[in-house]
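**Student:**
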Amino acid sequence: QGWVKVCLWPCSTTQFCTCAPPAVCAMSGHPGANTSRPRMAPNWRQGQAHISQPGFAATQPGFRRPAPQAQAQAPHQSLPMPQRRAAETEGSIIVFSTAEKDEIGIRTLVGEYKQEGNNHGRSFFRKSQKIPGHEDIDVYLYFWDERDGPAFSGWWFGNQVGGAQVWSRNRQTSMMPPQSGWTIPWDGEVKKELLVMGAAEKRALDQKAGQTAAKKEEDEDEAAAAAGAAGGDEWEERIQNAAVQVATVEIDVSSALDAAHAVEEGGTMNAAAVAEAAQALAAQVTALAELQRFMAVEGLAAQKAPGTTKAEMTALGARVRKLQQTVKDEQLRLKSASLSKARSQEDELRRAEEEAAERQLEGVHSKQLQEMMPAAMEKVDVAEDEVEKVAIAAAPLQIDMTDDLRPVMMQAIKETELRVRAAQAAVSEARRFITQKITQAQRFIPSQKKAALEEFTALQTKLNDAQEKLNPYKNVRGDYEARMQGKKLLEELSGKLAGAEIEVEKAAMMMTPIGGDTDESMKETEAALTAATSALSQTCRLIESKMKSTEKSKGPLFEDVKLLQDRAKQATEKLEEVRRTVKETQVRIAADSLLREVSERVSHAEDELQRMAEAELPFLKGDKDSDMESIIAEADKTSGKVHAAIADAQTFVARKLVEVARFTEGPAKAVREEIDMLQKRLEEGRDRLQQFRSNTGDRKRAFLLQEVEAKVSNAETEVKKMADAVQALDALGGAGETISEAYKETVEHANLAERSAQSGIVVARKQLLQKTAELKKLAIAGTGSGTELGKLQTRVNNMQGEITRLRQSVKEAEEKVRVKQMLAEVALRLQAAEAEAERVSASIDAGGSDDQPASEVIEKMQRATSSAQTKLSATAKLVDVKLRSAHGFLKVELTGMRERLMDSEKKLDEAAKIARESRERLEATDLIAQSSDQVEKAEAVTQAAAEAELPFLKGVEVVVAAEGAIHACEVANTAGQQAVSDVRCFLLNKLAVAEQFSSGPSQTCAQELGGLQKRLDACAGKLAELKKDTSERKSRAQMQAGGAKLRSVELAVQKLSSAMEPFGEERTAMIAPDEARAACEAIQRAEQQAQSEVAEARKFLFLCAQETKNYGETQRTASTVELGKLQGRLTQFQVEIATLSKQCKEWEQRFVAQKLISDAEEELRELVADGEACAKVAVTMTGDDKSEFLQFLHLQTLAHVLEKHVKDKEARVEDIFKLITGNEAATKQEFSTFCDKLPDVTGNIQAT
């Protein structure tokens, strides 16, 4: 959001422009009006206001729009050019506004939009027109779904698809942009005037609007032509009069402008000439204002004139506005030139006065500078001498330090510190003195000020050099103490380094006599090595830290510490050599230990191999009575232990080989050769283990196959028994036969045989599955081919298939038994329903022989039929429900039942049809009777409406009586039309009911109702004729009432004209205030009465015009013409009232103006008297002798400065008086001196 300057001056090209005053608008030459408006969306469209900054952007916390999707190519981009243009036209969107006054926020969006692609399942569009001055800004119309929430869903106007800058929103989710309901800004109110349409729809709307506008313009031109023909001479005269006045004023304006130009170009800018030119321009401004008001009145009246006359009057108004602007511009230039000339003269006078003052002060300031310089130079010399004395006193501190010289050193330090303080005081004193003098020199004239600053700057440079020499001696005692501490530090570091070097030598000596290389000796050597490493590392870290702390100074202490660092590096290198020797010895000891451990693991694996050979003896003996399963399990357990031992040994050897790789080359080679020999022994043991496992697997496989074969044979025996039991079922029972008890026992026996066979197969399959896993493991290990398992599995599968086939036969037998038992109840219900259907059919056949049965008989037949249909339907539903899911034997039984049900339903349908026709004939008779009653009632109401017209037939023409009769006719006619409409709706409803009957009763009802409809149409015709006659009588009565209203208006206008007679042209100056007030109140009452009569008449005519919409075409035309005449007379009365009101206001304003002038003259006289009194009082300030007034001002300033100083410093008056003199009373000289020093004492520039 922001603010922007908008120029609203109407240009001759009907455009608007933006500029900032006092710049001149480049579009039309008019100066911009300084009008501020809130900056909203940009608009740079021809013929409307353009803004120089981009528009507003809707950005909410978190209100970030999602990134735009890839824009798809529009489908018409690949078409040929003619087809492409047609497709683009069809796919374009037009955005426009219906508001009379364009708003900035809407003007951004209006224009033509072309389809660009798709986004979120909808097409999106881009505005084809570029924005002048902001070509890089685009406007898009796109849709966004609810993926970011409902708050972001809908159609949007923005600078890009899914962008953060949006201008408008519509919450609808239609496939195309909605026509209305757009909010501006996006979270603001709905702008009804903003509309969105397709190009074809917009063209149709424009065409319709154009036709309407053309017709309206044609009507206006005809009316204007008619008026122009009547008043053409009058308009010619008014145009001529206006042109003469404009030409006269143009001549006067040109003369005034020429005079002003002559004054500006003369260069002297005489005050009298400028005033004369300004007065002439002001007179022309007044004349132009009067002319502008005259042209405004004429222009308003010219709106009703012909087109050429209106154009001429408009052109004259434009000439007047242009003259006004030219005069205003010239006034501004004249005023600017006058002010510029006055300012330049004032500047020249001020410079002359300043130069004279400088010449007078030059000698004084030069003398003051000469008096300042000797004292300043003396103070600088004293400061430099004190600094030299400090250097001499500090000379003994440069020699080497020893304990016997410490008293001498301390004495030199003490003396140096005293000299430093004295030197610093001298330098500070000289610096303060020079600073004060520089402050005084600031008040010198520029030439002397420059010379003084150069001198004092040179002295300040000398003081800075002296300060630089003095700074190293300020901390002389601290420097001495630091040197002493450095000496002690070197001694401490040297002692610690010597101790670390001794530890290193001790560790080297312990490594020299090594022979046996025992663990004890190695531990002692490592302990000594650790102690030496610890001592040396601590010393090195200490030396390193001291090196960093002394590195910045680079003094003698740094060099000494650096020598100690070199010694520490030599000791570190020697220690590393000792550590390498120890490491080689440790490798030799570790290699011997590793070989012992590997040899022990290999020996353990060989012992387990020996036990495996012993476990194979039971197989070799061939004892069949032994427990083969336990022997095989023991063999597997033994082989597992052997495998684990060999694997553990090999893993251990591999891990130790990794450790051998870390040994040095010599010991590693010998150890690796020994380990290779042990690995070969382990490989031989693994081969023996593999042979043992293979033999054990063959024995185990044969044992498992023997067990599975026994279980499969048992299952085959049970399956054969089941086949014998099922074979006995084939000769028992069939479809439609009864089920005996023997058949049921045979089915039960077959089920028992099936369960036994299934149990045997399950046992065999379970045994096969259990042994299959073990046999597969053996096959994978290379024992057997696995074909025996396939054969056994095939036998089991064949048995399962045989059982499935036999089971199907058993199921069929069970199904027959179950279906017969399940349908027993359904069969009983079917028999009962068939019996009742037979009884109903017989009773209806007997009762249907009469011509027209009674209603009780018909009701009884319908109840019996309904009861039978209900039972039959319930049974049929039960059968249908079962039949939908039935199959096999159940479906066959149910299909037969369904055929029996269909036969019974056909009999009931015939009986129900006979009963329904009898009932419809009774209802048709009743329906015709009701309709006839309704039509008779409508005819009675129509007759009453015709009787209401009797007063007019007898000749009623009085307005009041006619209005009552007309109202009675309208009420009666409305009641008749309502009655006819109600009866017509009643007949239509009954006709719709009759159409639901069967053919015979329906045809009879249609014929009778058609005759009633014709009678009702006759009533409607009579009512239409009565309505037409009533409308004509009402129109004549309204015209008479309208004439009476206009006569009341005319009478009120005459009263207003009579009330204005006291304010005549010649009586305005003579009328008294009270009389004028009373006359104004009378005029106001008369005007209000006239306006009230006009409003009442206008309202009555408006109501009459609304009534004409209900008339016929011919009557409406005649009434409209009469109302137009009455409206014309009312408009004339309104114009006359407006003219009288305007004339009254002019007379009233003239009277008020005269009264104001009289009051102003009286107040002016009082003001002149007050000014003369003020001049007498202020003679001391305005007279020639102003010394007394100036002395008073000086005393007031001095008192104010002293009072402020006392308040700021919180001092007492006595303290201030002591600054003036030490006596009880001050002399004039002492007080004058104090006043000279007062600016420095108080720091207040007012005391200068």
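Numbering (mature numbering (1 follows the signal peptide of the UniProt record, and there is no 0)), first residue to last: -19 to -1, 1 to 1229. Ideal Cβ placement from N, Cα and C applies to all residues, glycine included.
Taking all protein chains shown into account, decide if Arg561 is buried (16 or more other Cβ within 10 angstroms of its Cβ) or exposed.
**Tutor:** Here the question's residue 561 lines up with position 580 in the sequence shown. By the 10 Å Cβ count, Arg561 comes out exposed.
**Student:** Mind reading off the beta-carbon distance from Met703 to Ala734? Whole number of angstroms is fine, and I expect it under 8 Å.
**Tutor:** In the sequence shown, the residue the question calls residue 703 occupies position 722. In the sequence shown, the residue the question calls residue 734 occupies position 753. Taking C-beta atoms under 8 Å as the contact rule, Met703 and Ala734 qualify, at a distance of about 4 Å.
**Student:** Could you check where the alpha helix (DSSP H) with Gly1105 kicks off and where it finishes?
**Tutor:** Residue mapping note: residue 1105 aligns to position 1124 of the sequence shown, counting from 1. Counting along the chain, the alpha helix (DSSP H) containing Gly1105 begins and ends at Glu1094 to Val1158.
**Student:** For Ala241 and Ala259, what's the separation of their Cα atoms in angstroms?
**Tutor:** Walking along the sequence shown from the start, residue 241 turns up at place 260. Walking along the sequence shown from the start, residue 259 turns up at place 278. Going by the C-alpha atoms only, they are around 8 Å apart.
**Student:** Tell me the DSSP bridge mates of Gly162?
**Tutor:** As a working note, residue 162 is residue 181 in the sequence shown. Per DSSP, none; premise fails for Gly162.
**Student:** Using CA coordinates, which residue listed in Ala823, His868 and Asp884 is at the minimum distance from Leu853?
**Tutor:** As a first step, residue 853 is located in the sequence shown; it is residue number 872 there, counting from the start. Among Ala823, His868 and Asp884, the Cα nearest to that of Leu853 belongs to Asp884.
**Student:** Where Val1160 and Glu1169 are concerned, what is the direct C-alpha to C-alpha distance, given to the nearest angstrom?
**Tutor:** Position 1179 of the sequence shown, counted from the start, is the residue given in the question as residue 1160. Position 1188 of the sequence shown, counted from the start, is the residue given in the question as residue 1169. Roughly 11 Å separates the two Cα atoms.
**Student:** Beta-carbon separation of Ile87 and Ser73 under 8 Å?
**Tutor:** Counting from 1 along the sequence shown, the entry for residue 87 is found at position 106. Counting from 1 along the sequence shown, the entry for residue 73 is found at position 92. Cβ distance not < 8 Å, so Ile87 and Ser73 don't count as in contact.
**Student:** Count the CB pairs spanning the stretch 400 to 411 and the stretch 448 to 467 that are closer than 8 Å, and state whether there are at least three.
**Tutor:** yes
**Student:** By a C-beta neighbour count over all protein chains shown, 10 Å radius and 16 as the cutoff for buried, is Val5 buried or exposed?
**Tutor:** The residue you call residue 5 lines up with position 24 of the sequence shown. Any reading at Val5 must be qualified, since the residue scores a pLDDT of 32, below 50, and its modelled position is unreliable; the value itself is stated next. Its Cβ having fewer than 16 others within 10 Å, Val5 is exposed.
**Student:** Name the one or two DSSP bridge partners that Trp136 has.
**Tutor:** Reading the sequence shown from its first residue, position 155 is the one you call residue 136. In DSSP, Trp136 forms a bridge with Phe124 and Asn151.
**Student:** Using 8 Å as the Cβ pair cut-off and three pairs as the minimum, do the stretch 907 to 926 and the stretch 877 to 893 touch?
**Tutor:** no
**Student:** Whether or not the stretch 890 to 898 and the stretch 966 to 976 are in contact is what I'm after, with contact meaning three or more pairs of Cβ atoms, one per stretch, closer than 8 Å; do they touch?
**Tutor:** no
**Student:** In angstroms, rounded to a whole number, what distance separates the CA positions of Ser962 and Gln924?
**Tutor:** Here residue 962 corresponds to residue number 981 of the sequence shown, with the count starting at 1. Here residue 924 corresponds to residue number 943 of the sequence shown, with the count starting at 1. Using only the alpha carbons, I get a separation of about 16 Å.
**Student:** By DSSP, does Ile524 sit in helix, in strand, or in coil?
**Tutor:** The residue given as residue 524 occupies position 543 in the sequence shown. Reduced to three states, the DSSP call for Ile524 is helix.
**Student:** Alpha carbon to alpha carbon, how far is Asn445 from Lys543?
**Tutor:** Reading the sequence shown from its first residue, position 464 is the one you call residue 445. Reading the sequence shown from its first residue, position 562 is the one you call residue 543. Looking at the two C-alpha atoms, the distance is approximately 37 Å.
**Student:** Helix, strand or coil for Gln466, going by three-state DSSP, please let me know.
**Tutor:** Here residue 466 refers to the residue found at position 485 when the sequence shown is read from its first residue. If DSSP states are grouped into helix, strand and coil, Gln466 belongs with the helices.
**Student:** Given Ala1040, which residues of its chain have a CB within under 7 Å of its CB, disregarding the five upstream and five downstream residues?
**Tutor:** The residue given as residue 1040 occupies position 1059 in the sequence shown. Result list for Ala1040: Ala1063, Ile1064 and Ala1067, in chain order.
**Student:** So, is Glu482 buried or exposed, given that buried needs 16 or more other C-beta atoms within 10 angstroms?
**Tutor:** Taking the sequence shown and counting its residues from 1, one reaches residue 482 at position 501. When all chains shown are included, Glu482 counts as buried.
**Student:** Which same chain residues end up closer than 6 Å to Lys527 when comparing Cβ atoms and leaving out the 5 residues on each side of it in sequence?
**Tutor:** For this step, residue 527 is matched to residue 546 along the sequence shown. The answer, listed in chain order, is Val542.
**Student:** Would you kindly work out how many angstroms separate the C-alpha atoms of Glu245 and Glu329, rounded to a whole number?
**Tutor:** As a first step, residue 245 is located in the sequence shown; it is residue number 264 there, counting from the start. As a first step, residue 329 is located in the sequence shown; it is residue number 348 there, counting from the start. Cα to Cα, Glu245 sits roughly 21 Å from Glu329.
**Student:** Would you kindly check if the distance between the Cβ of Lys888 and the Cβ of Ala813 is under 8 Å?
**Tutor:** Looking up residue 813 in the sequence shown gives position 832. Looking up residue 888 in the sequence shown gives position 907. Cβ atoms of Ala813 and Lys888: not closer than 8 Å.
**Student:** Gln812 by DSSP, collapsed to three states: which one?
**Tutor:** Counted from its first residue, the sequence shown places residue 812 at position 831. Helix at Gln812.
**Student:** On the criterion of 16 or more Cβ atoms from any shown chain inside 10 Å, does Lys682 qualify as buried, or is it exposed?
**Tutor:** Position 701 of the sequence shown holds residue 682. Per the sequence shown, the amino acid found at residue 682 is Arg instead of Lys. When all chains shown are included, Arg682 counts as buried.
**Student:** Is the distance from the Cβ of Leu269 to the Cβ of Leu304 below 8 Å?
**Tutor:** Walking along the sequence shown from the start, residue 269 turns up at place 288. Walking along the sequence shown from the start, residue 304 turns up at place 323. Contact: yes.
**Student:** Look up Gln96 in the DSSP assignment and give the residues it is bridged to.
**Tutor:** Stepping through the sequence shown from its first residue, residue 96 is reached at position 115. Gln96 pairs with Phe106.
**Student:** Please check the pair Leu993 and Val916, which I expect to be a contact at CB under 8 Å, by giving their CB distance rounded to whole angstroms.
**Tutor:** As a first step, residue 993 must be located in the sequence shown, where it is residue number 1012. As a first step, residue 916 must be located in the sequence shown, where it is residue number 935. 5 Å between Cβ atoms; contact.
**Student:** Output needed for Gln551: all residues of its chain with C-beta closer than 8 Å, excluding positions within five of it in sequence on either side, in chain order.
**Tutor:** Translated into the one-based positions of the sequence shown, residue 551 becomes position 570. Excluding sequence neighbours, Gln551 sits near nothing in its chain.
**Student:** Kindly list the residues whose CB is nearer than 6 Å to the CB of Met353, restricted to its own chain and excluding five residues on each side of it in sequence; keep chain order.
**Tutor:** The residue given as residue 353 occupies position 372 in the sequence shown. Correct list, in chain order: Lys418.
**Student:** Exposed or buried, what is Gln429 when buried is set at 16 or more other beta-carbons lying within 10 Å of its beta-carbon?
**Tutor:** As a working mapping, residue 429 is identified with position 448 in the sequence shown. When all chains shown are included, Gln429 counts as buried.
**Student:** Using the C-alpha atoms, what's the distance from Pro388 back to Arg424?
**Tutor:** Here residue 424 corresponds to residue number 443 of the sequence shown, with the count starting at 1. Here residue 388 corresponds to residue number 407 of the sequence shown, with the count starting at 1. Spanning the two alpha carbons is a distance of roughly 56 Å.
**Student:** Using a 10 Å radius around the Cβ and a threshold of 16 neighbouring Cβ atoms, would you call Glu793 buried or exposed?
**Tutor:** Counted from its first residue, the sequence shown places residue 793 at position 812. It counts as exposed.
**Student:** For Ser854, which of helix, strand or coil comes out of DSSP?
**Tutor:** As a working mapping, residue 854 is identified with position 873 in the sequence shown. Residue state, collapsed to three classes: helix.
**Student:** First and last residue of the beta strand (DSSP E) that includes Ile75?
**Tutor:** The residue you call residue 75 lines up with position 94 of the sequence shown. Here the beta strand (DSSP E) through Ile75 covers Ile74 to Ser78.
**Student:** Taking a contact to mean a Cβ-Cβ separation below 8 Å, would you say Arg810 touches Thr856 in this structure?
**Tutor:** Here residue 810 corresponds to residue number 829 of the sequence shown, with the count starting at 1. Here residue 856 corresponds to residue number 875 of the sequence shown, with the count starting at 1. Taking 8 Å as the Cβ cut-off, Arg810 and Thr856 qualify as a contacting pair.
**Student:** Alpha carbon to alpha carbon, how far is Ala572 from Lys622?
**Tutor:** Position 591 of the sequence shown, counted from the start, is the residue given in the question as residue 572. Position 641 of the sequence shown, counted from the start, is the residue given in the question as residue 622. Distance between the alpha carbons of Ala572 and Lys622 is about 29 Å.
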